[in-house]
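Peer 1: Heads up, the sequence shown is in our numbering, so the first residue is 160 and it goes up one at a time.
Backbone N, C-alpha and C fix where the C-beta goes; we use that ideal spot for every residue, glycine too.
Keep in mind it's a predicted model, so treat the numbers as computed, not measured.
Submitted below is the structure of interest, expressed as structure tokens.
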Amino acid sequence: MRLLVLGASGFIGGAVYRLAHESHVEVFGTSRRDAAGFVSLQNTSIDEVRRVLKDLGPDVVVNAIGSGVTPGTSSKQEMDHANSLLAKSLVSLATDGALPPFRLIHLASSRRRSGFHRNDDYVVTKEEATNFVLEALSAGLNGCSLEVFNTYGPGQPEGRLVNLVVRGGIDRSDLILETPSHVRDFVHLDDVAQAVIRVAGSKNSPKQSVEIGTGVPTTVAELAHLAYKLAAAETSRIVTGNLSEPAVVEVADIRPAEEAFGWRAEISLRDGLKQMIDLAKA
Numbered sequence: 160m161r162l163l164v165l166g167a168s169g170f171i172g173g174a175v176y177r178l179a180h181e182s183h184v185e186v187f188g189t190s191r192r193d194a195a196g197f198v199s200l201q202n203t204s205i206d207e208v209r210r211v212l213k214d215l216g217p218d219v220v221v222n223a224i225g226s227g228v229t230p231g232t233s234s235k236q237e238m239d240h241a242n243s244l245l246a247k248s249l250v251s252l253a254t255d256g257a258l259p260p261f262r263l264i265h266l267a268s269s270r271r272r273s274g275f276h277r278n279d280d281y282v283v284t285k286e287e288a289t290n291f292v293l294e295a296l297s298a299g300l301n302g303c304s305l306e307v308f309n310t311y312g313p314g315q316p317e318g319r320l321v322n323l324v325v326r327g328g329i330d331r332s333d334l335i336l337e338t339p340s341h342v343r344d345f346v347h348l349d350d351v352a353q354a355v356i357r358v359a360g361s362k363n364s365p366k367q368s369v370e371i372g373t374g375v376p377t378t379v380a381e382l383a384h385l386a387y388k389l390a391a392a393e394t395s396r397i398v399t400g401n402l403s404e405p406a407v408v409e410v411a412d413i414r415p416a417e418e419a420f421g422w423r424a425e426i427s428l429r430d431g432l433k434q435m436i437d438l439a440k441a
């Protein structure tokens, strides 16, 4: 297998790239920044993407680019190009017959389904991309869409929820939760990378959307209390908002992933949080 990871210097893309390398897969990665060992992809125009695909000739392409996942880090224009237009370019290049055939693995965001984030430019542009890929899959595109739930782990960008509660616990600081009753599915970065590599190496990967998560529901309040306890911090420092507000539930259905390519998340939330806390304290 000759694997290309788009966005290999990012949080999830980096984990996929490292695991592929450790698994002795022939892997290449792209980065918007000048980074040693990565192929430069300064913009996501169809001509630039075509150039990279033509030069490298991958069998499998993983689209792990997600611009703007952390609020305030990208403009709407950047998200339009990196999230929505890139996916359309990849589908076009995979189906026009001008390049050697490759299988496309599109990493989608689970946040598109709840309706709670409908005004979020990141979610809107990722949803546009995912819908386009799903239509192409229905029409015969060789590939699949992996709907990744709340990924956390070492190296997670600043400002993300798990990072905030872990840092709050370590610093023993006050933490205000605005949506304590919302239910999430927190899946460790290493498990997500394993899922992607499993699909990339499978000859029978699903030609559909498959959810990648643990299937374990956890409220935001439960996450915060667990992190504070593991960090030996007083949970009384956690201030919760309106517990009676309607909860938004985002939990993966893990059965299709198990049935399609034999994958199941292995790292518990407790173990994953403890790992992050231990590394932060080291």
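1) Are the segment 171-187 and the segment 213-231 touching by the rule of at least three beta carbon pairs closer than 8 Å?
2) Looking only at C-alpha atoms, which of Glu181, His180, Leu428 and Phe187 sits nearest to glycine 166?
3) Put valine 228 into one of helix, strand or coil per three-state DSSP.
4) Considering only the alpha carbon of each residue, which of Arg357, Thr378 and Ser332 lies closest to aspartate 344?
5) So what's histidine 183 in DSSP terms, helix, strand or just coil?
6) So phenylalanine 420 is in the alpha helix (DSSP H); what residue range does that whole segment cover?
7) Following the continuous beta strand (DSSP E) through phenylalanine 345, name the residue where it begins and the one where it ends.
8) Just verifying my parser: in three-state terms, what is the DSSP assignment at alanine 295?
9) Please state whether DSSP places alanine 241 in a helix, a strand or coil.
10) Using alpha carbons as the reference points, say which of Gly360, Ser269, His180 and Pro339 lies closest to glycine 374.
11) Are the beta-carbon atoms belonging to aspartate 206 and methionine 238 less than 7 Å from one another?
12) Using 10 angstroms around the beta-carbon of alanine 359, count the other beta-carbons present and answer buried if the total reaches 16, otherwise exposed.
13) Going by alpha carbons, who is nearest to cysteine 303 out of Lys366, Asp214 and Ala241?
14) With C-beta atoms as the reference, is aspartate 350 less than 7 Å away from alanine 424?
15) Taking its Cβ as the centre, do 16 or more other Cβ atoms sit within 10 Å of valine 398, making it buried, or is it exposed?
Peer 2: Looking at the coordinates:
1) yes
2) Phe187
3) coil
4) Thr378
5) coil
6) 414-420
7) 345-347
8) helix
9) helix
10) Ser269
11) no
12) buried
13) Lys366
14) yes
15) exposed
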